[in-house]
Every structure is written in C-alpha cells, then in structure tokens.
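Student: A single structure is presented below for examination.
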Amino acid sequence: MSKDILMWDETIFRNPEILELDHVPEYFAHRDSQLQSLKFALKPALRGLQPLNCLVRGPPGTGKTTAVKKVFTELQEHVKNVIFIKINCQIDSTRFAVITKIYENLLKVSPPSSGVSFRKVFHKVVTHLINSNRILVIALDDINYLFHEGHADEVMYSLLRAHEQYTGVKIGVIAIVSDTGNIYKFDPRVGSVFLPEEIIFPRYEFKEIEDIISNRAFHAFFPNVVNTEVQKKIVEYTDLTGDLRIGIDLLKRAGLNAERRASRTISLEDVEKAYEASRLLHLCRNIGSLNENEKTLLRLIALGKDPQTGELYKEFHESTNLEYTRFYELIEKLNSLQYIDADFSGKGMRGRTRIIKTRYNPADILHCLEK
200 MSKDILMWDE TIFRNPEILE LDHVPEYFAH RDSQLQSLKF ALKPALRGLQ PLNCLVRGPP
260 GTGKTTAVKK VFTELQEHVK NVIFIKINCQ IDSTRFAVIT KIYENLLKVS PPSSGVSFRK
320 VFHKVVTHLI NSNRILVIAL DDINYLFHEG HADEVMYSLL RAHEQYTGVK IGVIAIVSDT
380 GNIYKFDPRV GSVFLPEEII FPRYEFKEIE DIISNRAFHA FFPNVVNTEV QKKIVEYTDL
440 TGDLRIGIDL LKRAGLNAER RASRTISLED VEKAYEASRL LHLCRNIGSL NENEKTLLRL
500 IALGKDPQTG ELYKEFHEST NLEYTRFYEL IEKLNSLQYI DADFSGKGMR GRTRIIKTRY
560 NPADILHCLE K
C-alpha cells in the first residue's frame, strides 16, 4: 500500500482544536496595542476601583472577541473579586436575555422563566454584587444586534447608571461593535456615562494573515501536510474576504477534504472545494440568527427582481399578516445589518419610492435560508 494513503485510523490533524472558531490561541499576534489598551482600562478593577468602559470596534474577523476573551482569562487568574462575563448579543438580543445571562453567571441558577420583571432580576444581580463585594466587567459582544429594537440603550442605561440607585456597585462595560458601514450611536443619556476608551481593531494586513495562518497550520497539522502553495492560496482567500475566521475555517475544511480522500497532504483542489463552503459560513450563521418574519422578508427580497417597497409589502403582508409599520422596521433592520440596500430611487405615485435589493448574491442568501 502506498505510504501516501492515509489508513482508516490515522489523521493529518495534530491539534484539531486549534482550528475551532472559539479557540483562544496562545500565539495572538499583531494585536499587542489593543491587548494593552484593554488591560489598562480594566486595571482599576484589580485594585477594587471602577474599571474604565471600552468601545471595541473593527470589521468582522479582526480578533475583537478573541482579544477580550484572552484578557478576561488572563486577569481572572489574578483576581477573585472581579467577575468577567461575555455575552453574545446575536443570541441574547433583548434586555431581559442579557440580564438573565448575567444572573446565571453570578448566581449559578436561572431566574424564573415567567412572571418576573427585568427590574426584579436586575435588583438581585446588583444586590448580589454589593453583598459579595464583587466588581462586574461585562462584555457585550456584537452589541449591534441590540440596537434594532432599542435594547442597546436600555441595557447600557441600566448597567452604567446602576450606581445612582445602588450605592457601592461597580460595573464596567465593554461594547464590541462589528463595523459594517453603520455608525451606531447611543442615546445621550447613555453616552454621558459611557465615556469609553475606544479601541480600534483594523483589518489584518496580508503579511499578518500570512503569519497567523502559517502558525495555525504548523500547530494544527502534522509536518508536511500543508505545503507552501496550499498555504499561499488560503492566505489569498482570507485576504480577499478580510475575515481571519474564513482562513481558519478553510484550513479545517481543506484538511477534512484531504482526509476524505485518504490523503496525507492537502491539495489546492481541497482548498478550492473548502472555499465554496467556507465563504458562506458567517453569512449563513448570521442569517440563522434572524427570526422567522425577518427571514421571510429577506427571502422575498432575494426572490424578487429589485422590488419596490409597495410591491414587496403586499407580498410580505400576504405571507405574515403583519402591518406596514412592522414591515418598515424590518426593512430598516435588514438594511442596517447590511443584508440589503434600500435606497430611494425615482418617483412613485405618492412621491419618492424605494428600490430594495440584496447586497449579497441572491442565490447565496437563499442557500443560507434553506439550511
């Protein structure tokens, strides 16, 4: 049997966990200044003082979440009276969901699922912090998803102004925003107490991507599995998307494709095949977080040929029985999330009308909606 053939019980992966998207790498390069800024902002909490708030901004896949998780893990080893909690606002996208997650982390039980108000749950969270003499640092990851229903201001207002009602409580907030072309602004009542340290995560440069992908490949696979040509192609695709997560996912999928062929090495064909699946990874994941009415509207837009607002609303109403006000709110949300363009164009019967179209290939959106 050829030595190039992988036996059924063999693998080309040396440390596959390194290619998981939630893995926090020991080698976290090209983000030293951002890590230092985060540590500086949180340093007062280590001395029992109020930490500085932070606004962490940058395009998707630039290390924002990983940096926060890495700093939280490092600092938690040195202090016991500071609680670090990260919440994924794409999943927990309401004020009550956020405070429930905090409650569960602090008290190690869930609050009653019904018949209890936000105010009551929040009161228990704050009194627990005061009675246990603990400081809370909360990272609201992808806080973008709290803006659309007004939950961002409600959550931030409750957390940042808690000290006005509860003497002695100390809460610091890290708001993590994925820049997608929109500028998210907090209510002035929030802004007056947020006053964050702004920490920018720029898109990775080509050489930086090359370094990171090379390091991940070296540690994830056995020697000689990933040759120079294959690695270069993965770096090129990663640079094309600007999202490091795509590159890491490409390494994993290409490796699995090679194993499927019982090969000890990854080929360019394995990479090309993997890219077809990987390029839609995050689009599908994000679309999956939409509710059914939002998915229905996005499907109608993808199926249509740049429909005008009036035509689109008629189809949407027939499918959902929802009225125009709600339809308009969902259009604004899909527009702000960068799934669609909703530009005013030309004149309608009652003035200007809007042409609605998808920002992605409609076939790709429909593919994700079917998953």
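Residue 454 in our numbering sits at position 255 of the sequence shown, and the numbers go up by one each step.
Every residue, glycine too, gets a C-beta built ideally from N, C-alpha and C.
(1) What residue from T326, Q235, R213, E219 has the CA that sits closest to E396's CA?
(2) Where A562 and A541 are concerned, what is the direct C-alpha to C-alpha distance, given to the nearest angstrom?
(3) DSSP three-state label for L339, please.
(4) If you draw a straight line from the alpha carbon of Q233 to that of L205, how long is it in whole angstroms?
(5) Using a Cβ-Cβ cutoff of less than 6 Å, which residues in the same chain neighbour T293 once the five nearest sequence positions on both sides are dropped?
(6) Rounded to the nearest angstrom, what separates F239 and E514 at their Cα positions?
(7) When we look at the beta-carbon of D208 and count the other beta-carbons within 10 Å, is it buried (16 or more) or exposed?
(8) Output the boundary residues of the beta strand (DSSP E) element that contains C288.
(9) Given T265, which residues of its chain have a CB within under 7 Å of its CB, disregarding the five upstream and five downstream residues?
(10) Leaving out five residues before and five after Y474 in sequence, what residues of the same chain have Cβ atoms less than 7 Å from its Cβ?
(11) Take the Cβ of F405 as the centre, count every other Cβ of all protein chains shown within 10 Å, and call the residue buried at 16 or more, exposed below.
(12) DSSP state of I465, grouped into three classes?
(13) Closest to A608 by CA distance: which of R402, F346, H322, G314 is it?
(14) DSSP three-state call for I411: helix, strand or coil?
(15) Alpha carbons only, please: which of N426, T440, L482, N490 is nearest the one belonging to L467?
(16) Can you tell me which of the three DSSP states V372 falls into?
(17) Mapping DSSP to helix, strand and coil, what is R558?
(18) Given that a residue counts as buried once 16 or more other Cβ atoms are within 10 Å of its Cβ, and exposed if not, what is N252?
(19) Run through the DSSP bridge pairs and tell me what L237 is partnered with.
(20) In whole angstroms, give me the CA-to-CA distance for V324 and I301.
(21) So, I334 versus C288, is the Cβ gap smaller than 7 Å?
(22) Have a look at R246, V267, E273 and flag the residue whose alpha-carbon is nearest the alpha-carbon of N280.
(23) When you compare only the Cα positions, how much space is there between N492 and T519?
(24) Could you tell me the alpha carbon to alpha carbon distance between R463 and G441, rounded to whole angstroms?
(25) What does the Cβ neighbour count give for G371, buried or exposed, with the cut at 16 atoms within 10 Å?
(26) Assign L248 to one of two classes, buried (16 or more other C-beta atoms within 10 Å of its C-beta) or exposed (fewer than that).
Tutor: From the atom records:
(1) Q235
(2) When rounded, the distance between both Cα atoms is 19 Å.
(3) strand
(4) Computed Cα separation, rounded: 42 Å.
(5) H350
(6) Rounded to whole angstroms, F239 and E514 show a C-alpha spacing of 53 Å.
(7) exposed
(8) Premise fails: C288 is in no beta strand (DSSP E) and is neither H nor E.
(9) V223, F227
(10) Y436, L449
(11) exposed
(12) coil
(13) One cannot answer for residue 608 here, as it falls past the ends of the chain, which runs 200 to 570.
(14) helix
(15) N426
(16) strand
(17) coil
(18) buried
(19) None; L237 has no bridge partner.
(20) 7 Å
(21) no
(22) Of the listed residues, the one whose Cα sits closest to N280 is R246.
(23) 7 Å
(24) 29 Å
(25) Counting the other CB atoms within 10 Å of its CB gives G371 a total of 16 or more, which places it among the buried residues.
(26) exposed
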